[in-house]
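Top to bottom, those sequences are chains A and B. Each number in my numbering corresponds to the 1-based position in the first sequence with 965 added. Each number in my numbering corresponds to the 1-based position in the second sequence with 965 added. Note that CB positions come from ideal geometry on N, CA and C, so glycine has one too.
2 protein chains.
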Amino acid sequence: MKSLLTSMAALLFAGVATVALAADPTPAEVREFALDIFRPLPSTVPAVKDNPITPAKISLGKALFFDPRMSASGVFSCYSCHNLTTGGDDNLETSIGHGWQKGPRNAPTVFNAVFNTAQFWDGRADDLKAQAKGPVQAGVEMANTPDNVVATLKSMPQYIEWFEAAFPGEDDPVTFDNFAMAIEAFEATLITPAPFDSFLNGDDAALSEEALAGLNLFMDKGCASCHNGINVGGEGYYPFGLVEKPGADVLPENDMGRFAVTETADDSYVFRAGPLRNIALTAPYFHSGKVWDLKQAVEIMAVSQLGEEVTDDEANKIVAFLDSLTGRAPEVTLPILPAETDSTPRPSAQVVQ
Amino acid sequence: MKSLLTSMAALLFAGVATVALAADPTPAEVREFALDIFRPLPSTVPAVKDNPITPAKISLGKALFFDPRMSASGVFSCYSCHNLTTGGDDNLETSIGHGWQKGPRNAPTVFNAVFNTAQFWDGRADDLKAQAKGPVQAGVEMANTPDNVVATLKSMPQYIEWFEAAFPGEDDPVTFDNFAMAIEAFEATLITPAPFDSFLNGDDAALSEEALAGLNLFMDKGCASCHNGINVGGEGYYPFGLVEKPGADVLPENDMGRFAVTETADDSYVFRAGPLRNIALTAPYFHSGKVWDLKQAVEIMAVSQLGEEVTDDEANKIVAFLDSLTGRAPEVTLPILPAETDSTPRPSAQVVQ
């Protein structure tokens, strides 16, 4: 994970780099600069640290991702808040979970999440296998326990077979750790190549003139100093309100972000820079989910993070660039899940406060 | 819809017919009797009354079926309670809906529902296009209004195009009626051919010896007098507790079933006979959802509807037959839904009581 200092250095670097770009650059010139800052998505499923990806593991992970019986109530699955039909998130301010409780932060998209440096708005999970264990246990989300998840899985012979196939040679493969590893394997397949990738890969026509101008502005203004890398964000931590704190409607005072993870004063109101792929599909915006309009979000960012107002024309161009990050969603065929048995723990809709 | 009198006649008929069956019949003899009572699933999507099925309509209906923005809260779609990964229902006693309210009756499977004579446990909707309008508006389910559904759909240009393609030549195709028609078209494709169909179609080996004996018992005991036709049920209305009323735990006193539809004393505690296809996947059972074990459900039915106790061996055989009704779920690829726009009504999680 990058420190704030590294991030500030990146900001300076980006500033320097874009100074050299001509006033009305060609696509090739823009690409040359862009390739120093961004990377295109790979065309295949990436390798994942400490989790060799196999077809059996992906297939099991898909089943688990869609299985509402992983929640205490039987109502919610991973898919409920990371809906693959609507950009990989739930399009709510913050998610509704167990007992109709409202979650504390906006659900991020699962698409391309494998490329984020860490997971959650505060980066408290190092990777997707760590992340996958969170919502299942969170009282306001799926409200389950690892023991009950494992008991549920072990009650269905088909799941035991699938775990054996996904984790061959293990004495007791049906574990909460392996549950999380399988989900990570499936999520690693959820990659959405976009026009921006075609552009980075050499196709001049992949971006409209407006989007190209927007990309240029995005780099020139300094947006790219935080939103960079393969996911156009998701790689470093920055204070929300680096230059000017937004109002409490957008940045609620009681959520101090990464401070809760590191307990370091410098991390007050520090959040992971939002990964911007598919941003046009994943309103509302920010960890608070308080802003529904992408252009307004761009304008807020310009003032709070860069200390400058963008013109209407500039905002439109940046939004056109952001639209070019909308990718082709993976084709996902629904899994057919094993049926419950006599020993499957029954769903409990009761709320424990 | 069959009247109670017609149903009683069917019961008598079934009783007479099975008397003639030999004590240890061959598969061919069982099939001959069975074909008078049941029908195999068709191999193609059936024609639907007043709703010509087209690929464009199916495709639109699939999008609508999966779209959580059809609910007021943005949390629930048709798929939430008619989950295509778990037998077409939600495997809950009764569904959890808007504001964590508990619905009044167990959610039936959407699989093969197009073949039911009428929809809902009390048959209050004539067909799936009428049914589809119910949960969207029910305060305890999706809590939405037709106006808000139409406003939501009209706010997304892609949906307008899809409605135009599905309902060509109409001046204003984005209507709540057409919304329901499209969902019916998609649901008509959700057909699950089972070993029982192979058996009816002439494959002697499709049923195990135990399942064949179970089918024979199912006809001989009189189960098939209510559970008949293409869906092995779903065609007529019968009092729950025809011979002996089950306890209030299984048959809650405050739900008088079809009486609420017809306001006829004869219809007290009358329900549509449950369609039994995929029954092994759709626990818990009965409109109350109070019984999780299929064998126990069979035993309760024997006493309450036929006035006789089945032996343990008989119950096992009948369950083996019911297992042969578990079909091959359709392969469903997730739709990719249009993104919200500025004018899309925002989700409201507030509960109006």
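By the neighbour-count criterion, in which a residue is buried when 16 or more other Cβ atoms sit within 10 angstroms of its Cβ, A:T1276 is exposed.
Taking a C-beta cut-off of 9 Å against chain A, the contacting residues of the region 1060-1072 of chain B are S1060, I1061, H1063, G1064, W1065, Q1066, K1067, listed in chain order. Taking one beta carbon from each stretch, the region 1174-1186 of chain B and the region 1283-1290 of chain B have 3 or more pairs nearer than 8 Å; the two touch. A residue is called buried when at least 16 other Cβ atoms come within 10 angstroms of its Cβ; A:R1070 meets this threshold and is buried. The C-alpha of B:P1033 lies about 10 Å from the C-alpha of B:L1302. Under the 8 Å criterion on CB atoms, B:V1297 is classed as interfacial with respect to chain A. Shown here, A:P1100 sits in a helix according to DSSP, grouped into three states. Setting aside the 5 residues that flank it on each side, A:A1028 is surrounded in the same chain by W1127, P1300, L1302, each with a C-beta closer than 7 Å to its C-beta; the list follows chain order.
At the C-beta level, A:G1199 and A:P1160 stay beyond 8 Å of one another.
If you draw a 10 Å sphere on the C-beta of B:R1242, you find 16 or more other C-beta atoms in it, and that means buried. A distance below 7 Å between beta-carbons, with the five flanking residues on each side excluded, links A:S1173 to the following residues of its chain, in chain order: A1285.
Between B:S1042 and B:E1106, the gap from beta carbon to beta carbon reaches 8 Å or more.
With a threshold of 8 Å between beta carbons, A:D1169 makes no contact with chain B. A Cβ of chain B is located within less than 8 Å of the beta carbon of A:S1038. By the rule that beta-carbons nearer than 8 Å mark a contact, B:A1304 touches chain A. Per DSSP, B:P1069 is not a residue of any alpha helix (DSSP H), being assigned neither H nor E. When Cβ-Cβ separations below 8 Å define contact, A:A1294 makes contact with chain B. The beta carbon of A:W1127 does not come within 8 Å of any beta carbon belonging to chain B, so the residue lies off that interface.
For A:M1035 against A:V1139, the beta-carbon gap comes to about 13 Å, at or over 8 Å, which does not count as contact. Annotation: the continuous beta strand (DSSP E) that includes A:V1235 extends over 1235-1237. For A:P1204, the uninterrupted beta strand (DSSP E) run begins and ends at 1202-1204, by DSSP. Contact check between the region 1186-1204 of chain A and the region 999-1018 of chain A: three or more CB pairs, one atom from each, fall below 8 Å, which counts as touching. Against chain A, a Cβ distance below 9 Å from B:P1300 picks out T1050. By the Cβ criterion, the region 1135-1150 of chain B is in contact with the region 1091-1100 of chain B, since at least three pairs of Cβ atoms, one from each stretch, lie closer than 8 Å. The continuous alpha helix (DSSP H) containing A:S1045 extends over residues 1043-1046. Cβ proximity to chain B below 8 Å picks out W1257, D1258 from the region 1257-1281 of chain A. B:K1022 has its alpha-carbon roughly 14 Å from the corresponding atom of B:L1093. Of the candidates B:R1237, B:R1223, B:A1171, B:R1223 places its Cα closest to the Cα of B:D1231. Residue pairing for A:F1030: DSSP places it in no beta bridge.
When Cβ-Cβ separations below 8 Å define contact, B:P1312 makes contact with chain A. The C-alpha of B:T1019 is placed about 44 Å away from the C-alpha of A:F1132. A buried status is given to A:N1081, since no fewer than 16 other beta-carbon atoms sit within 10 Å of its beta-carbon. Here the alpha carbon of B:L1165 sits roughly 29 Å from the alpha carbon of B:D1055. Excluding five sequence positions before and after B:T1291, the CB atoms of its chain that fall closer than 7 Å to its own CB belong to A1159, N1243, A1245, L1246, given in chain order.
Around A:F1141, no beta-carbon contact reaches into chain B at under 9 Å, the shortest distance being about 21 Å. Think of a sphere of 8 Å around the beta carbon of A:D1307: the chain B residues whose beta carbon falls inside it are W1257, D1258, in chain order.
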